[in-house]
Amino acid sequence: MEALKDKLESSFLVFENELNGHSNKYIHKTRQEAFKVFEKQGFPTKRDEEWKYTNLKPILKQDFKVFHRGENTIDFKDVRRYFLSDVDSYKLVFIDGKFSSWLSETTHEKFDICTFGSMLEKYPEVADKYFNKALPQNESLAAINTALASEGAFIRIKKNQTVEKPVQLIYFTSEQEQGAMQQPRNLIVLEENSEVKITERHQSLSSHDVFTNSATEIFVEKHARLHYYKVQNDSKQASIIDNTSVKQYSRSVVNMGTFSFGGKLVRNNLNFFLEEEYTETYMDGISLIGDGQLVDHHTLADHKMPNCYSNETYKGIYDGNAKGVFNGKVMVHPHAQKTNAFQQNNNILLTDKASIDTKPQLEIFADDVQCSHGCTIGQLDEDAMFYLQTRGIPAKEAKALLLYAFANDGLRNIKIAELRKKLNKVIASKLGVDLDFEL
Amino acid sequence: MLKINDLHASIEGNEILKGINLEIKPGEVHAIMGPNGSGKSTLSSVVAGREEYEVSKGTIDFEGEDLLDLDPEERAHKGIFLSFQYPIEIPGVSVTNFLKTAINETRKAKGEEAMPANIMLKKMREKMALLEMDKGFLSRSLNEGFSGGEKKRNEIFQMAMLEPKLAILDETDSGLDIDALRIVANGVNKLKSKDNAVLLITHYQRLLDYIVPDYVHVLYNGRIVKSGGKDLALQLEEKGYDWIKEEMAI
């Protein structure tokens with residue numbers, strides 16, 4: 000555990016030397032401060048309240064390559080299945096932390112869909128304005144990403160622009176010699192009254208363990224609309240900690256979907272800071288996992304201003320000895336009157352060995368608000384199973400239909416038809432059936 | 000078609016069926032009547048294959064095959080259909096998707112190709128017209144928010160789509176007003192043929208005015224204690240079940 004920390008610390012020193020003279024003052028200072036946070040706190044342990052149910056230790060014990068030097072290539076035909084391929088889209092593809100222009104499709108015309116690295120070079124004023132302004136400053140995992148931030152996506156949609164084509168962000172790990180740690184860094188800015196749809200996925204092509212500590216900062220300015228979907232369906236040897244923080248301004252709307260099917264350990268730290276009035280936030284999620292898997296959702300809806308609306312629906316299905324964690328924090332500050340905040344976390348445990356720790360955490364300091372939350376944990380409904388079976392639907396298919404019906408609320412805000420189809424297929428294949436769920 | 004021989008079944012150690020004998024031939028309509036708690040619904044659940052019931056003795060033979068070893072879906076594939084007394088609400092599964100899955104899984108089990116979507120839709124429209132159903136039904140979640148009458152009509156609609164050889168209608172008349180009852184009964188009558196059979200399970204005689212049985216059986220305390228023609232139902236209606244109980248006591 001200490002070994003990985005040491006390794007990251009010495010990497011930082013090397014990284015800083017290499018940056019010498021290339022980085023502006025604000026960025027440089029921010030990295031150094033972030034590095035200090037990480038140096039002081041180290042990786043979180045189970046003693047941390049926020050990490051009580053999710054143990055990073057087994058992952059941190061491994062020897063990961065943290066600096067990726069060479070440029071690796073992969074053939075599109077080998078990775079085609081990880082893309083939404085039936086739809087025209089912009090693509091930002093990274094292989095072992097490096098941008099792959101070959102697999103990508105970028106633009107600078109009406110809006111910027113390019114890389115974090117080029118943003119640092121081309122638009123230092125953007126970095127000054129936004130870098131590390133949304134992520135919490137005191138979290139060590141976000142901090143080490145900040146300290147070492149070098150590559151990832153940069154998306155800036157200018158005022159009044161609507162991006163018709165979806166943007167796909169895909170991060171491959173192809174390292175074949177040893178386990179690898181990845182730390183992509185994304186910055187997404189939606190200027191006033193702009194709109195964009197984004198999908199994100201991380202995919203290991205390696206036979207070794209992969210540990211991704213990703214950080215994404217998103218700024219959604221007034222009247223802007225963002226639709227963002229994370230597809231977490233990585234190999235069983237890959238783990239991810241996803242640190243995503245969103246700042247929303249007046250009357251902006253964000254749909255955030257997190258669909259978790261794969262991976263060994265998946266931790267989502269998803270924060271929404273509602274900075275101005277009349278924002279709308281939808282957080283949806285489906286977790287469908289089995290033996291040896293853990294998915295942990297830690298969400299925050301920080302209602303700082305009056306008249307904001309947040310709505311959160313997470314569905315979980317746990318098979319084998321799978322483990323789920325849900326912690327939904329809703330903070331309503333004293334003058335955030337007329338806040339509407341809803342939260343729901345429903346779970347089905349398919350076996351006696353599967354478990355879920357679910358905790359709504361509402362901290363309300365205003366009096367004229369509507370907040371509600373509900374968690375349920377249940378099993379498959381035997382009466383419904385029998386009903387479907389008497390109609391000739393075999394047990395496995397009946398179970399899949401019922402589970403899909405249970406979970407599909409989580410898909411309600413998907414604005415990319417292709418993605419919805421793809422997720423339906425993933426769900427069917429995870430449930431071992433060949434059914435077309437949608438009509 | 001269906002031969003039940005000395006059937007004993009229990010749930011959680013309580014014996015509910017205590018030796019049922021019943022034979023149903025193609026083209027026949029049978030009615031099983033009886034007071035509450037006599038085992039009527041248990042009988043239909045056991046024939047349909049509900050696992051909670053333990054069959055301790057006896058056989059159920061359907062077209063020469065022992066049913067007791069089969070899963071509920073396999074029984075459905077053989078042509079057994081159970082219309083539920085209380086159809087289950089399944090939010091998130093549309094009536095269309097449900098029926099499509101049911102029909103195609105049944106066809107798959109028989110080694111047949113999936114039914115083409117246009118043919119299925121045409122068939123759905125026909126059967127809905129027969130049951131005077133609104134086409135909005137198809138896109139609604141299965142039974143969710145349906146009135147009692149809509150649920151029962153939906154059961155008969157499913158039966159019409161699945162075309163079973165033996166339809167067991169468990170208290171299909173309960174919760175129906177007289178118009179809905181007429182529509183449902185009319186649907187059942189139109190689907191009847193010399194090759195299929197219907198087993199009606201009912202507490203009241205009312206349904207039998209609309210679907211006229213060839214045989215009426217009285218189930219009491221886990222046994223069929225009396226069988227007769229449709230007149231038996233009228234007698235029960237007139238006198239209630241007490242006289243049967245008295246006869247039994249002798």
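Those protein sequences? They're chains A and B, same order as listed.
Okay, so the first sequence: first residue is 0 according to numbering that gives the first Met the number 0, each after it adds one.
Okay, so the second sequence: first residue is 0 according to numbering that gives the first Met the number 0, each after it adds one.
We put the CB at the ideal spot given by N, CA and C, even for glycine.
Judged by their CB atoms, LEU401 (chain A) and ASP435 (chain A) are not nearer to each other than the 8 Å cut-off. Look at ASP382 (chain A): its C-beta is under 8 Å from a C-beta on chain B. By the Cβ-count criterion, MET330 (chain A) is buried, with 16 or more other Cβ atoms from all chains shown falling within 10 Å of its own Cβ.
Going by beta carbons, SER203 (chain A) and GLN175 (chain A) fall outside the 8 Å limit.
Here HIS302 (chain A) carries a strand assignment [DSSP, helix/strand/coil].
Around the Cβ of THR211 (chain A), a 10 Å sphere holds 16 or more other Cβ atoms; the residue is buried.
Nearest to LYS77 (chain B) by alpha-carbon distance, out of B:GLU14, B:GLN84, B:ASP68 and B:PHE83, is B:ASP68. One Cα belongs to ASN117 (chain B), the other to ASP433 (chain A), and the distance between them is close to 21 Å. One alpha carbon belongs to VAL92 (chain B), the other to PHE82 (chain A), and they sit about 28 Å apart. When 7 Å is used as the limit between beta carbons, PRO71 (chain B) is near these residues of chain A: PHE385, GLN388 and THR389, in chain order.
DSSP places MET255 (chain A) outside any alpha helix (DSSP H); the residue lies instead in the beta strand (DSSP E), whose first and last residues are 252 to 259. Secondary structure of GLN388 (chain A) (DSSP, three-state): helix.
Sequence-distant Cβ neighbours of ALA397 (chain A) in its own chain, meaning closer than 6 Å and more than five residues away, are MET384, LEU387 and GLN388. Residues of the same chain with a CB within less than 8 Å of the CB of LEU130 (chain B), apart from the 5 flanking positions on each side, are ARG152, ILE155, PHE156, ALA159, ILE182, VAL183 and GLY186 in chain order. C-alpha of LYS421 (chain A) to C-alpha of ARG80 (chain A): approximately 10 Å in a straight line. Within chain A, the C-beta atoms nearer than 8 Å to that of PRO90 (chain B) come from ALA404, in chain order.
Exclusion of the five residues before and after GLN369 (chain A) leaves ASN339 as the residues of its chain whose Cβ lies within less than 6 Å of its Cβ.
In chain order, PHE63, VAL65 and PHE210 place their CB closer than 6 Å to the CB of MET180 (chain A), counting only its own chain and leaving out the 5 sequence neighbours on each side. Runs of the beta strand (DSSP E) lying entirely within the region 199 to 229 of chain A, each at least 3 residues long, are 209 to 219 in chain order. As computed with DSSP, GLY323 (chain A) is found in a beta bridge with A:VAL294 and A:ILE355. Under the rule that a run must span 3 or more residues, the beta strand (DSSP E) segments found entirely inside the region 81 to 144 of chain A read 89 to 94 and 111 to 114. In the three-state DSSP reduction, LEU434 (chain A) falls in the coil class, being neither helix nor strand. Using a 10 angstroms sphere on the CB of ASN16 (chain A), the tally of other CB atoms stays under 16, which defines it as exposed. Just so you know, the alpha carbons of ASP233 (chain A) and TYR129 (chain A) end up roughly 30 Å apart. Within the model, the alpha-carbon separation for PRO123 (chain A) versus PHE258 (chain A) is close to 34 Å.
Distance between ALA223 (chain A) and VAL252 (chain A), taken at the CA atoms: about 6 Å. Exclusion of the five residues before and after PHE271 (chain A) leaves VAL245, THR280 and ALA300 as the residues of its chain whose Cβ lies within less than 6 Å of its Cβ.
The straight-line gap separating the alpha-carbon atoms of ILE415 (chain A) and GLU27 (chain B) is approximately 54 Å.
Apart from the 5 residues on each side of it in sequence, GLU22 (chain B) sits with its Cβ closer than 6 Å to the Cβ of LYS2 in its chain, given in chain order.
The beta carbon of TYR25 (chain A) lies closer than 6 Å to those of ASP127 in the same chain, with the five residues before and after it left out.
Excluding five sequence positions before and after LYS358 (chain A), the CB atoms of its chain that fall closer than 6 Å to its own CB belong to ASN326, given in chain order. If you check the CB distance, GLU216 (chain A) and ALA133 (chain A) come in under 8 Å. Under the three-state reduction of DSSP, GLY174 (chain B) is assigned to coil, being neither helix nor strand. If you check each beta-carbon in the region 406 to 434 of chain A against every beta-carbon of chain B, the ones closer than 9 Å belong to ALA406, ASN407, ASP408 and LEU434. It is roughly 59 Å from the alpha-carbon of THR243 (chain A) to the alpha-carbon of ASP65 (chain B). Taken in chain order, the complete alpha helix (DSSP H) segments of 4 residues or longer contained in the region 78 to 159 of chain B are 94 to 108 and 116 to 129.
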